[in-house]
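Beneath this line is the structure, given in structure tokens, with notes to follow.
Protein chains: 2
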Amino acid sequence: MSFFDKVGVMAIGTRLRMLSEKMNEDASKIYEMYGVGLKPKWFPVFYVLSQEEEEEEEEEEKSITQIAQEIGHSHPSVSKIVREMLKSGIVLEKKDKNDRRKNNIQLTAKGKEMAIQIREQYMDVKTAVEETLSQSTHNMWQAIEEFEFLLDQNSMLQRVKEQKKIRENKKVKIISYQEKYRKFFRDINIAWITTYFKVEDTDLKALDNPEEYILNKGGSIVIALYENEPVGVCALIKMDDPKYDYELAKMAVSPKAKGKGIGWSLGKAVIQQAQSYGAQNVYLESNTILKPAINLYHKLGFKKIAGHPTPYERCNIQMVLTLDEDVIKIN
Amino acid sequence: MSFFDKVGVMAIGTRLRMLSEKMNEDASKIYEMYGVGLKPKWFPVFYVLSQEEEEEEEEEEKSITQIAQEIGHSHPSVSKIVREMLKSGIVLEKKDKNDRRKNNIQLTAKGKEMAIQIREQYMDVKTAVEETLSQSTHNMWQAIEEFEFLLDQNSMLQRVKEQKKIRENKKVKIISYQEKYRKFFRDINIAWITTYFKVEDTDLKALDNPEEYILNKGGSIVIALYENEPVGVCALIKMDDPKYDYELAKMAVSPKAKGKGIGWSLGKAVIQQAQSYGAQNVYLESNTILKPAINLYHKLGFKKIAGHPTPYERCNIQMVLTLDEDVIKIN
DNA sequence: TATATTTACGTAACTAGTTACGTAATTAAT
DNA sequence: ATTAATTACGTAACTAGTTACGTAAATATA
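Heads up: the protein sequence lines correspond to chains A and B, in order.
Position 323, counted from 1, in the first sequence is what the working numbering calls 323; the numbers after and before it change by one each time, with no gaps.
Position 121, counted from 1, in the second sequence is what the working numbering calls 452; the numbers after and before it change by one each time, with no gaps.
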């Protein structure tokens, strides 16, 4: 197993499969040893059919889909297994009277006899496995259970995605606006607006003259660089409103640089900027169809507020971040 | 997963396979996410080819069998994977100069570039899996390692066999000889002798007249019953020798009742009998080709001794059990 | 009541591995 | 120097599952 030592957890799937194969090999031999004419892969189907009998005397038959659901297989898998078991005379099938699509399966007399025979094998296997598990400090059965639980909550794909984001975000640099990024600032904003909405006059005014409309009015613009290439922008605009100090606007990230946490970094930088200006709050406008954006704003601490006049047609939601000590502590 | 709750450890192999499939599914998506044109199942082969490069500059090629061994697959599996990788232009093959059977595989320039690309993915996956594992109290990676170790020492088949023996041995009853077992005593002994050796005159004397030759001379015979059927016998014969008190002889177990620990039970019963007679030791004769028997005698505490005259042709080993307090304590 | 959707289930094709087997090349034994 | 045994590896067939797809029956909807 030196391969696993080297590759480590990368090949965890392969390792599980190999262990499962080893177990299955032994399972075949165990079934042989007890002389029960049952293939290991039949067991799950056999089990659910034999179980029900004991509890409810009448209903001892189950449909293909029902069995598949109970044992966690696909229905074609159960269909194939049942056909094999039919050949061996362990089960019999009959069409459901009320629903003629259903194929109800139940144990034959031979199958029922097997169920009794197998009970001893079942006990022996159970004891043997449990004894083995109890000899280890990391109980594998419980470990699998825990692992499955953790994956249910957050899949491995999601977890890797998060790691990727964290690693790549370290390569993201946030810098102040420079004139050489003027074209980038304009293009990337127009690009994203046109994919969802129409460019409005109000947009063009600020995008064409950022110095005049944003910087000279006491605002600022930040640029995100990834491997020294600009991949995102965000502006902080001084507002002319007694209630709100600054507006977070013109945030845009290049689609090919998505999933690197760039939006977060830009937002953080702009908020920090606002704080250094002594702002009490930061305002923003957006549209609810931009779910990832709204989600990001929410994570940054913005809260939805009631309507406020906006020059943009596309905006249907307003949010505000209050910059008090609490927020500083959170970050 | 209610099925597993009910069936429990019986289906541990199935559960492992299902978890492995789930992991593999995510693995495919992860590879896709990183845009490396590598199928998950290629990874082990790819890995061993990319690893070696770094360590030894010259030898960056490996034969099919060599790869198979390192990653724990069968060689046809590697053969197929390599063929797929050849099509993708990741590896190239060339015949070994010294041994023209060998097909040496190495990464192409494209493959080497992939190795660099994949390093980041590798790190992310590693971190993600390790983080997941660290969140559980029963670490699955270590649990698998332990489980594999335990199976290496004693396979599941062996463990189940032992459980079967323990359970079935509880159904074995050891009783004293009765006249109705006279025929059984004779037949079962002749049966086993004829399968390995020839019946000798000395055998027939005792087998035909157990009362006269064994019981009336101060010895005894025990019968093993399994489900009320006689399945084994063993005699304790008073010896006419200053050094040895009693002889354990005529032990025979029905072949269909093997693996139930009947030999052990018979042996224990006879030794107990000897102790109750106040014996200092028990002697026996056997043949070294009967390995399970010799093994049993050894487990019962008998030790090999130097030659002692015997009337049987077939015997080539003598053993003695000394009945002092130590032995009693051990049992 | 006619039509659309959903459900049950069988068949076919695929997947990622395996074992079985045959052939050519190498190595060991006589 | 033959002959026998072993090794390397490819092909074929199998395994235990899967997804994809088609059909018939049942159910929901207009």
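All residues carry an ideal CB built from backbone N, CA and C; glycine is no exception.
Please read these numbers as outputs of a predicted model, since none were measured by experiment.
- Counting along the chain, the unbroken beta strand (DSSP E) around A:G232 starts and ends at 229-238.
- Beta-bridge analysis with DSSP links A:S286 to A:I317.
- Setting aside the 5 residues that flank it on each side, B:A624 is surrounded in the same chain by S617, each with a C-beta closer than 7 Å to its C-beta; the list follows chain order.
- Here DSSP, grouped into helix, strand and coil, assigns A:Y226 to strand.
- Contact between B:K536 and B:G549 is ruled out by a C-beta separation of about 17 Å, above the 8 Å threshold.
- Using a Cβ distance threshold of 8 Å, B:V376 and B:V413 count as a contacting pair.
- Following the DSSP letters along the chain, one finds A:Q273 inside the alpha helix (DSSP H) bounded by residues 262-276.
- In terms of beta-carbon proximity, A:P242 stays away from the interface with chain B, with every pair separated by 8 Å or more.
- For the C-beta of B:T458, the chain A residues within less than 7 Å are, from N- to C-terminus, Q163.
- Residue contact with chain A for B:I475: present (Cβ-Cβ distance below 8 Å to some residue of chain A).
- The alpha-carbon separation between A:E313 and A:T194 amounts to approximately 13 Å.
- For A:M251, no Cβ of chain B is located within less than 8 Å of the residue's own Cβ.
- Fully enclosed alpha helix (DSSP H) runs of no fewer than 4 residues occupy 487-500 of the stretch 477-505 of chain B, in order along the chain.
- Pairing A:K161 with A:S155, the inter-Cα distance amounts to about 10 Å.
- For A:K87, the closest of A:I116, A:G111, A:M123 by C-alpha to C-alpha distance is A:G111.
- A contact between stretches requires three or more CB pairs, one per stretch, nearer than 8 Å, and the stretch 182-193 of chain A fails this requirement with the stretch 240-247 of chain A.
- By the CB criterion at 8 Å, B:V422 and B:T396 fall outside the cutoff.
- DSSP, read as helix, strand or coil, puts B:K360 in helix.
- Annotation: A:G13 to A:I67 spans about 26 Å, alpha carbon to alpha carbon.
- The alpha-carbon separation between A:S265 and A:N228 amounts to approximately 15 Å.
- The contact set of A:M123 on chain B, defined by CB atoms closer than 9 Å, consists of Q494, R498 in chain order.
- Residues of the stretch 20-37 of chain A with a C-beta atom less than 9 Å from some C-beta of chain B are S20, E21, K22, M23, N24, E25, D26, A27, K29, I30, M33, Y34, listed in chain order.
- In terms of beta-carbon proximity, A:R119 stays away from the interface with chain B, with every pair separated by 8 Å or more.
- With fewer than 16 other Cβ atoms from the protein chains shown falling within 10 Å of its own Cβ, B:S405 counts as exposed.
- Counting C-beta atoms within 10 angstroms of its own C-beta, A:A235 has 16 or more neighbours from the protein chains shown and is therefore classed as buried.
- Here B:D455 is buried. Its C-beta has 16 or more other C-beta atoms within 10 Å.
- Pairing A:I175 with A:S254 gives a Cβ-Cβ distance that is not under 8 Å.
- Excluding residues up to 5 positions away in sequence, K496, N500 lie with their Cβ nearer than 6 Å to the Cβ of B:G592 in the same chain.
- With fewer than 16 other Cβ atoms inside 10 Å of its own Cβ, A:Q153 counts as exposed.
- For B:E543, the secondary structure class from DSSP, reduced to helix, strand or coil, is helix.
- The distance from the Cβ of B:I602 to that of B:L627 is about 12 Å, inconsistent with a contact at the 8 Å cut-off.
- About 15 Å separates the beta carbon of A:L150 from that of B:Q473, a gap too long to meet the 8 Å contact definition.
- For B:V460, the enclosing alpha helix (DSSP H) starts and ends at 440-465.
- The residue among B:L621, B:I554, B:V651, B:K411 with its C-alpha nearest the C-alpha of B:E510 is B:I554.
- Taken atom to atom, the span from the alpha-carbon of A:K95 to that of A:G35 is near 32 Å.
- In this structure, the straight-line span from the alpha carbon of A:L157 to that of A:G267 is close to 26 Å.
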